[in-house]
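Enquirer: Residue 477 in the numbering used here sits at position 49 of the sequence shown, and the numbers go up by one each step.
Ideal placement from N, C-alpha and C gives every residue a C-beta, glycine not left out.
Shown below is the structure under consideration.
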Amino acid sequence: MLIEHAQADKMLHVAIYGALSQIRHHSYLVSLGHEVTMNDSNNAGLPDFTIGSCSIEHKRARNQTYADGTPKVELQKTRASGKCRSNRFYDRGFCDVVAVDVSEHTGKTNDYRYASSQDLQAHKDYPGKLAVFHRIDHKWKTTLREALNESR
């Protein structure tokens, strides 16, 4: 019944499917042998996961792709805090790695792409922040290990 309501309410859909995606990703990382801490989604502003000293922000690829079919991810906070518009944007150093669930696009279970946050494009108006939209292309890695090795 909740899923039916989520189909009709865009924000509920985003919240439910985002939470389910994050839970599945956590379970997947644990199954690979990682010791994963799932951080609370609250106003403390922590990335979603921590593995050792590595912080990871989890996102789902948007349903809409670029015109050429390339999946995209939206990197901004759900709500602004305060009057400055830039509060919705992530600082470049917010996390070490951004992880994106692309399973809905590829049809493969547990299909994720990973990128070092330092390798992602900066916001055009706020260079200390990450751009809002990113192409999930060949630059993104298929394993967390690859993304971590490249960022060092």
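#1: Looking at the unbroken beta strand (DSSP E) that takes in A550, where does it start and where does it end?
#2: Which same chain residues, not among the five before or five after A527, have their C-beta less than 6 Å away from its C-beta?
#3: Scan the region 515-580 and note each continuous alpha helix (DSSP H) run of 4 residues or more that stays entirely inside, going in chain order.
#4: Would L503 pass as a contact of L457 if the rule is Cβ separation under 7 Å?
#5: Can a CB atom of chain D be found closer than 7 Å to the CB of V464?
#6: With DSSP as the reference, label H454 as helix, strand or coil.
Expert: According to the structure data:
#1: Unbroken run through A550: none, as it is neither H nor E.
#2: I484, H486, Y540 and Y542
#3: 531-534 and 572-579
#4: no
#5: Here there is only one protein chain, and chain D is not present.
#6: helix
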